[in-house]
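**Student:**
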Ligand code: ATR
């Protein structure tokens, strides 16, 4: 029951209607019997800052922040977590003692999703496809692990070089390089253990495959940060070739779990949320056929 004690969290972005976060967090909140509600706020870019300050002044507990505000919102917070300083973007706000605190739970969410599957990054050769916001969040946490190598591949090579340079300055002891969409790519793919797609290629409104899969086999783990569709073309092809595959739904759930912990101090009911989102995505997939 919503009453005068109900605590409010939510997500701010534009567009934001496609977001699965309200379904995910409200399922978790009701499972734990908390008198909280998670709402979605689509705001005009020019009003985003005042909306966040208003949310603080209204006594909301916190917010998730999504596109296109993840980077500019860094300037609007009073206290930045290390994850925000490192990546230059945030996805979670906590309002405390009239202060706005910013966090980025994408990186830790990615790591925790691997940990839950007992996949270690130590000694792995990682191929990261993409150099945008999602790729950055993952790149910095991967570089912090004891990986054998981190290779960045991006359609616009300059962006891959820039990201690789930043990562090298951050972690000089890690081998960090770039790859290109050329004849040498097949070799890079076969010499990688973990392949991460952090581009928009393969998402429902952006169908396709970000790399050829001919050289992928049972030695590979392929992680697609996209979760809609649940099985992207990259994951389908890689699985057929024997690779172990991980859907972006896992990172979505784990970044949500970290935001939830920041707001409530409680553990996220991962299996319940996973089931809810999987059912939901399957139902909209069936309807869109
Ligand atoms: P996000 O925050 O979701 O990462 P983004 O910052 O816009 O979004 O980054 C999108 C990524 O997908 C980029 O790496 C982009 O490559 P460019 O840097 O060359 O733009 C990549 N991308 C988008 N469309 C692509 C396509 N058709 N082929 C290959 N890469 C693509």
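In our numbering, the protein residues as written are -18 to 270. Here a beta-carbon is modelled for each residue, glycine too, at the ideal position from N, C-alpha and C.
1. Is any heavy atom of the ligand ATR found at a distance shorter than 7 Å from the C-beta of residue 72?
2. Any residue with its C-beta under 7 Å from a non-hydrogen atom of the ligand ATR counts. Can you list them all in chain order?
3. According to DSSP, which residues form a beta bridge with residue 82?
4. What does the Cβ neighbour count give for residue 205, buried or exposed, with the cut at 16 atoms within 10 Å?
5. Checking the sheet assignment: what are the DSSP bridge partners for residue 17?
6. Assuming residue 70 contacts residue 55 under a Cβ cut-off of 8 Å, what Cβ separation, rounded to an integer in Å, is found between them?
7. Starting from residue 178, follow the beta strand (DSSP E) in both directions and report where the run begins and ends.
8. For residue 212 and residue 203, what's the separation of their Cα atoms in angstroms?
9. Along the chain, where does the beta strand (DSSP E) that runs through residue 128 open and close?
10. In the DSSP assignment, find the unbroken alpha helix (DSSP H) run with residue 245 in it and report its ends.
11. Please indicate yes or no: does the CB of residue 182 lie closer than 7 Å to some heavy atom of the ligand NAP?
12. For the candidate residues -5, 24, -8, 233, whose alpha-carbon lies nearest to that of residue 93?
13. Checking the sheet assignment: what are the DSSP bridge partners for residue 291?
**Tutor:** To lay it out plainly:
1. no
2. 48, 111, 112, 113, 114, 115, 116, 135, 136, 137, 140, 179, 180, 181, 182, 187, 189, 191
3. 60, 75
4. buried
5. -12
6. With a Cβ gap of about 6 Å, residue 70 and residue 55 count as contacting.
7. 175 to 178
8. Residue 212 and residue 203 have their C-alpha atoms some 12 Å from each other.
9. From DSSP, residue 128 is part of no beta strand (DSSP E); its letter is neither H nor E.
10. 229 to 245
11. As far as ligands go, the structure on display features the ligand ATR and does not contain the ligand NAP.
12. Minimum Cα distance to residue 93 is reached at 233.
13. Only positions -18 to 270 of the chain appear in this structure, which leaves residue 291 out of reach.
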